[in-house]
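Quick note, the sequence shown lines up with residues -28 to -1, 1 to 500 if you use mature numbering (1 follows the signal peptide of the UniProt record, and there is no 0).
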Amino acid sequence: MLIPKLIKFYNRAGLTLYAALAFSSVTAQDVENAKTGYPPCDALIQANLSHLVHLADSPLYPTLVNGSWAPDTRKSPFCFVLPTTTEEVSQTIVALRDAGSGAGDWHIAVRSGGHATDHSNNIDTGVTIDLTQINATTYNRETNIASVGTGARWGAVYEDLLEHDVSVMGGREGVVGVGGLVLGGGVSWYTPKRAFACDSVVNYELVLANGSIVNANPHSHRDLWKALKGGGANFGIVTRFDMEPFSAQNITKATTVISMEHLDEVLDAVVGFTSLDQSFEDNYLLTVFNYDQASDSTAITLTEVNTANDLNSSAFHSVRKIPTLRRIPAKSMSLAESSDGSSLSDEMRTVGAGPVTVANDHRILRFIVDQYNGFVKDIKEKVNPANFSTIFDLQPMPSRVADYGVSKGGNMLGLERNNRDRVIAAVGAILFGGQYSDHDVALIYQLSAAMNDRIIAHAKSLGLSEDWVYLAYSDAQQDPLGSYGQTNVNHIRQMAHKYDPKGFFQKRVPGGFKIDRVETGKKRNESP
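Here it is, written out as structure tokens:
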């Protein structure tokens, strides 16, 4: 079972079946009892984990370097370690923890799917723990629980569960990994009805800094269970998510492309959709603005999804009244099929300063679009137009999402504060195939950050600002944990100190968003 999953993931990087079968024994023989010159790698070998360790001369090492989706996250660590079980994760943590004292300046990265921001899931000066081999998906019909390994990909999860006629809340792109998405919250096509993926987790299996394996759920370690629902990688390494499934049912998906001439009609449709009542909870509307360098124009693409397999949902009535450039009619498909054919490419680099969240109001959405148009214009003047495209999306976040999270035992996201209908807006540039410079990246990032600042300032002036930042989309310079409200910040901090009193995951594992970096008592836009 292990090898086929390995082949399935890594074949796109050129690993052959025979290489996959051979690399583990060859690598183990090469590194067993050897001194690498790297204290953490030596510690792993001395802990009898050599069969999991891949140094730079390992046949698999280049493939592992390229295992991260974004080019900017493709680092070259001292070594990779690929545990296959929770027990091996525990042994890995103990070995690395004990190697820490006086062992030089090195750190640890933890990677599930490798789709998060730079510096979060890979590292140059240290060890990367690659969890892709902990990828089993099972379903227990007696308990009605779906158990998903942290290293699985959502497309494979949906395929495996479909055999049992069930599914779970998860990512919309099949190539995205499970661990990062769920720990960051987890937006899904089902969000208007079932909120976030973390709200469906009934148990987390994780390894703490002392190497112990615990299960956090409503009955055991309840405080940690709640903290893990949006609290990120602050407490340990989660190896398995036990989730509440629901009956598998086809979804319908339609795509409409609309000219910018009808912008105001589109924004009216977005605002109207986001404010629909609970009777429309089976619907999702994703709005994407995309600049195409070939035509030197921006078009609006609206994706209409109905998770109850209704080909003619009235939720999209206002969208269907708008004149179109092109329309792909609604098609019924499984969730697995809908997540296939990903729009994510491993040969492109996205650059942006992260999302902003605003109240559901036409005025601020129109301002954001105007800022986006200026962003495109500025990039065109400074970067070769043939080397980039841009993408800007609007995602609905109706107020009932927060209410659902509370009903499932609560989470750390804090959306229930000053609850109202919201929209997440994320703008970025896409750079192609290595045809760009570091200067281009820095320039585009600067333009993106300045644009976000203007959007936030204008939203405040209209009384439409939202302090909340969605962690899974956040840029490394943003502070999603701090946006959760002081009560939740305090809880995350308390749980991190309780379950990791020496701060191993705050100091040795710097990637992601760490609670120790959130300022105590920092004033923010919203009350706690």
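Built from N, CA and C at the ideal position, the CB exists for glycine as well. Just so we're clear, the structure is a prediction, and the values are computed from it rather than from any experiment.
For residue i, which three-state DSSP category applies?
| i | result |
| --- | --- |
| residue 553 | There is simply no residue 553 to check, as the chain begins at -28 and stops at 500 in what is shown. |
| Pro482 | coil |
| Met384 | coil |
| Met141 | coil |
| Val490 | coil |
| Ala280 | coil |
| Tyr263 | strand |
| residue 502 | Any property of residue 502 remains undetermined from this structure, which presents the chain solely from -28 to 500. |
| Leu274 | strand |
| Val348 | helix |
| Glu131 | helix |
| Ser455 | helix |
| Ala124 | coil |
| Leu366 | strand |
| Gly9 | coil |
| Thr104 | coil |
| Ser184 | coil |
| Phe360 | strand |
| Ala15 | helix |
| Thr163 | helix |
Are the beta-carbon atoms belonging to residue i and residue j less than 8 Å from one another?
| i | j | result |
| --- | --- | --- |
| Thr329 | Val348 | no |
| Leu54 | Leu16 | no |
| Val99 | Pro34 | no |
| Asn222 | Ser306 | yes |
| Asn187 | Asn206 | no |
| Pro368 | Val441 | no |
| Ile106 | Thr45 | no |
| Leu434 | Ile336 | yes |
| Gly208 | Val173 | no |
| Gly142 | Ala169 | yes |
| Val355 | Ser420 | no |
| Ala398 | Tyr445 | yes |
| Leu68 | Pro12 | yes |
| Pro117 | Asp214 | Note that residue 117 is Ile in the sequence shown, not Pro. Yes, they are a contact pair. |
| Thr279 | Trp161 | yes |
| Thr109 | Gly121 | yes |
| Ser62 | Gly483 | no |
| Leu385 | Gly158 | no |
| Pro301 | Ala226 | yes |
| Ser286 | Arg144 | no |
| Ile416 | Ile351 | yes |
| Pro190 | Gly377 | no |
| Arg299 | Thr58 | no |
| Thr296 | Thr228 | yes |
| Ile80 | Gly183 | no |
Could you say which of the options lies nearest to residue i if we only look at CA atoms?
| i | options | result |
| --- | --- | --- |
| Thr246 | Ile396, Arg46 and Val481 | Ile396 |
| Ser290 | Asn356, Ile230, Thr279 and Lys354 | Ile230 |
| Ala308 | Leu133, Thr227 and Ala271 | Leu133 |
| Pro357 | Ile402, Asn390, Leu337 and Ala398 | Ile402 |
| Gln343 | Ser446, Ile427, Arg166 and Ser371 | Ile427 |
| Asn332 | Asn462, Arg321, Thr296 and Ser371 | Ser371 |
| Asn462 | Val490, Ser62 and Pro473 | Val490 |
| Leu283 | Thr275, Lys303, Asp102 and Ile487 | Lys303 |
| Lys470 | Tyr456, Asp350, Arg194 and Glu253 | Arg194 |
| Asp171 | Glu177, Val154, Asn182 and Trp161 | Val154 |
| Leu248 | Lys165, Ala181 and Ser310 | Lys165 |
| Glu60 | Ser219, Val210, Trp78 and Ser30 | Val210 |
| Asp451 | Lys474, Asp488, Glu135 and Ala220 | Asp488 |
| Gln250 | Arg292, Asn189 and Ala167 | Ala167 |
| Gly400 | Leu36, Ala429, Leu366 and Ser379 | Leu366 |
| Ile101 | Thr115, Phe52 and Ala71 | Phe52 |
| Met232 | Ala448, Ala271 and Ile185 | Ala271 |
| Tyr10 | Ser192, Leu27 and Ala181 | Leu27 |
| Thr115 | Val277, Asp447 and Glu216 | Glu216 |
| Ser413 | Lys47, Lys474 and Asn359 | In the sequence as presented, Ser is not what sits at residue 413; that position holds Val. Val413 has its Cα closest to that of Asn359, out of Lys47, Lys474 and Asn359. |
| Tyr111 | Val138, Asp96 and Asn94 | Val138 |
| His234 | Met467, Phe218, Ser192 and Arg292 | Arg292 |
| Ala88 | Asn460, Lys479, Asp447 and Asp264 | Asp447 |
Check your understanding: Which runs of the alpha helix (DSSP H) fall wholly inside the segment 23 to 90 and span at least 4 residues, in chain order?
Key -> List check, alpha helix (DSSP H) in window: 33 to 37 and 58 to 70.
Point to revise | Residue ranges of each beta strand (DSSP E) within the segment 189 to 257, 3 or longer | key: 209 to 215 and 223 to 231
Point to revise | Given 8 Å, three or more beta-carbon pairs between the segment 387 to 394 and the segment 200 to 216 | key: no
Review point. Does the segment 144 to 156 come close enough to the segment 75 to 84 to have 3 or more Cβ pairs within less than 8 Å?
Key: yes
Review point. What residue ranges within the segment 280 to 343 form continuous alpha helix (DSSP H) runs of no fewer than 4 residues, ordered along the chain?
Key: 289 to 292 and 307 to 310
Review point. Which runs of the alpha helix (DSSP H), 4 residues or longer, sit entirely within the segment 391 to 462?
Key: Qualifying alpha helix (DSSP H) stretches, in chain order: 410 to 434.
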